[in-house]
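Worksheet for the structure shown next.
Chains as they are written, first to last, in the numbering used here: chain A, 36 to 242; chain B, 36 to 242.
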């Protein structure tokens, strides 16, 4: 398997964490896509993922899997022991809900702020910016920190593993919030404490 | 189980289709949330889903599952025979990818156009609109029809069921494109032909 990504960026890190949690880091070859130079928007890469985004998983037979959630489903089910996405109906549903909330309200919102209301990755990549929409998403990201917090349902799940997958997304979102001008999130004491706890996991420390 | 929704709207229809495909329609009680009147933004409903959106699944013990993908995971795994979301790693990954692409690039883009660049659900609900962002998403939705089309990988999957879950989202997206002023998508011959085929399924005809 190959992973096309760019180390240190939020979505690539989601998959690097998943790989480490599944013990699969050494089973993949990492291929660097020069995102700051816009390589992910060129025809050769668009043939792998028409959405023009990293990471992308390439299977041995050349099939490409894009979208972090899809790649995580693949990695998590390879050994038929899904520790990240859950096994039974209820657990799967709660993990998916938390994960989707964290992705939509926190990670995607923070990324929209970054790409629209800051210089983002530079004028050669940010060819369309809507500053007002970017600023609106700064508000959404800050509000999303509250919405993406696990409620009593998920917290009651077995061995605390159920919130795991959702946590990845909150973590990446919180890192992105810290990035550049987005300092509002950094003042939130509970988020910082949670982030410090999660950062102790080896999978996260090296992502 | 209860489903809080509003019949005929795109996201509620996704779950009504999933229920029908799983033979579970009569196992749930439907509770109408008066979305046109803004009931989904009131405190009583926000306690069920802080995102303020339908549909929401309420389990017997009062736990709420929001987000269509999470509800579908629940319904599909109740009998441990996931016919909508796939079983093995590769199938699950490809279905998730198609589904996420259709959701992000087509359904969400068309909905953003609807809520931002048209009167949407009316001024009492559309309290923030960014017309330029709405128009940009009209372009994204039309481009997304191409991106969300199943490629050679998924088409080669067994019994054609793999594209099923992704199809729901394309269908809802295409309905939304047809809705109101969004006529560009309606002129696409292949989409219309595909839509006519899918509309023959009983689950879709009654959603």
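Virtual Cβ for every residue (Gly too), placed ideally from N, Cα, C. Please read these numbers as outputs of a predicted model, since none were measured by experiment.
The Cβ of residue 39/B sits no closer than 8 Å to any Cβ of chain A. With a 10 Å radius around the Cβ and a threshold of 16 neighbouring Cβ atoms, residue 50/B comes out buried. Residues of chain A with a Cβ closer than 8 Å to the Cβ of residue 165/B are, in chain order, 165, 167, 168 and 171.
The closest CA to that of residue 54/B, considering only 171/B, 117/B, 151/B and 164/B, is found on 117/B. As summarised for the region 102-150 of chain B, the continuous alpha helix (DSSP H) elements at least 4 residues long and confined to that stretch are 103-112 and 124-137, given in chain order. Residue burial annotation: residue 104/A is buried, with at least 16 other C-beta atoms found within 10 angstroms of its C-beta. Any Cβ of chain B closer than 8 Å to the Cβ of residue 112/A would place that residue at the interface, and such an atom is present. Sequence-distant Cβ neighbours of residue 109/A in its own chain, meaning closer than 6 Å and more than five residues away, are 100. Taking residue 60/B as the centre and dropping the five residues before and after it, the same chain places the C-beta of 51 and 54 closer than 8 Å to its C-beta, in chain order. Neighbours of residue 106/A across chain B, judged by C-beta separation under 9 Å: 128, 131 and 132. Taking a contact as a CB-CB distance under 8 Å, the pair residue 239/B and residue 233/B counts as one, their CB atoms being some 6 Å apart. Boundaries of the beta strand (DSSP E) harbouring residue 38/A: 37-40, taken from the DSSP string. Judged by pairs of C-beta atoms under 8 Å, the region 116-130 of chain A does not touch the region 147-159 of chain B, as fewer than three such pairs exist. Two segments are said to touch when three or more pairs of C-beta atoms, one from each, lie closer than 8 Å; by this definition the region 154-161 of chain A does not touch the region 124-131 of chain A. In the DSSP assignment, the residues bridged to residue 99/B are 93/B. When the five nearest sequence neighbours on each side are left out, the beta carbons in the same chain lying within less than 7 Å of the beta carbon of residue 62/B are those of 36, in order along the chain. At a C-beta separation below 8 Å, residue 225/B has no neighbours in chain A, since its nearest C-beta there lies roughly 17 Å away. Chain-ordered, the chain A residues with CB closer than 8 Å to the CB of residue 109/B read 124, 125, 127 and 128. Comparing alpha carbon positions, the residue from 228/A, 144/A and 167/A closest to residue 45/A is 144/A. In chain order, 68 and 80 place their CB closer than 7 Å to the CB of residue 74/B, counting only its own chain and leaving out the 5 sequence neighbours on each side. In terms of Cα proximity to residue 137/A, the closest of 85/A, 92/A and 180/A is 180/A. Straight through space, the alpha carbons of residue 125/B and residue 43/A are spaced by roughly 27 Å. It is roughly 7 Å from the alpha-carbon of residue 177/B to the alpha-carbon of residue 141/B. Linking residue 66/A to residue 48/A through their CA atoms gives a straight-line distance of about 14 Å. With a threshold of 16 other beta carbon atoms within 10 Å, residue 78/B falls short and is exposed. Rounded to whole angstroms, the gap between the alpha carbons of residue 174/B and residue 86/A is 14 Å. For residue 160/A, no CB of chain B lies under 8 Å from its own CB, so it is not counted at the interface with that chain. Taking the CA atoms as reference points, residue 171/A sits about 19 Å from residue 139/B. Interface flag for residue 50/B against chain A is unset, since no Cβ pair is found closer than 8 Å. Residue 101/A belongs to the set of residues whose beta carbon lies under 8 Å from a beta carbon in chain B. Per the coordinates, the alpha-carbon of residue 111/A lies some 9 Å from the alpha-carbon of residue 56/A. Here residue 93/A really is in contact with residue 39/A; their C-beta atoms are around 7 Å apart, less than 8 Å. By the criterion of a C-beta distance shorter than 8 Å, residue 83/A is surrounded in its chain by 39, 91, 93, 99 and 101, once the five residues flanking it on both sides are discounted. Look at residue 161/B here: in three-state DSSP terms it is coil, with no helix or strand label.
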